[in-house]
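Scroll down for the structure; my scribbles are underneath it.
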Amino acid sequence: DDDKGDDGLIYVCRCGLSDSKPLCDGSHKTTADEEDGVVYKYANDDSDGERRAIDEIGYEDE
Numbered sequence: 764d765d766d767k768g769d770d771g772l773i774y775v776c777r778c779g780l781s782d783s784k785p786l787c788d789g790s791h792k793t794t795a796d797e798e799d800g801v802v803y804k805y806a807n808d809d810s811d812g813e814r815r816a817i818d819e820i821g822y823e824d825e
């Protein structure tokens with residue numbers, strides 16, 4: 764019951780910033796001012812970490 768939100772439902776983290784993974788802790792709210800179409804990286808994958816925009820994503824052949 765402690766894992767349920769105020770509405771009685773359980774929410775799973777999809778942003779990757781929650782300190783309560785796999786459950787949502789509301790950390791995604793720190794992304795509210797991010798620009799659409801821009802990929803960001805948070806230092807230490809923590810919502811309190813420094814945020815920086817990623818210029819390019821590269822992939823290596825396996």
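Numbering (my numbering), first residue to last: 764 to 825.
We treat Cβ as the ideally placed atom computed from N, Cα and C, and that holds for glycine.
Computed from a predicted structure; not experimentally measured.
- Query: Which of the three DSSP states, helix, strand or coil, is assigned to Ala806?
  - Reply: helix
- Look up Ala816 in the DSSP assignment and give the residues it is bridged to. Tyr803
- Message: Could you compute how far the alpha carbon of Gly812 sits from the alpha carbon of Gly800?
- Response: 21 Å
- Counting only the same chain and skipping the five closest in sequence on each side, list residues whose C-beta sits under 8 Å from that of Val802. Ala816, Ile817 and Ile820
- Query: Can you tell which of Asn807, Leu772, Thr794 and Asp796 has the C-alpha that lies nearest to the C-alpha of Leu847?
  - Reply: Shown here, the chain extends from 764 to 825; a query on residue 847 therefore has no answer.
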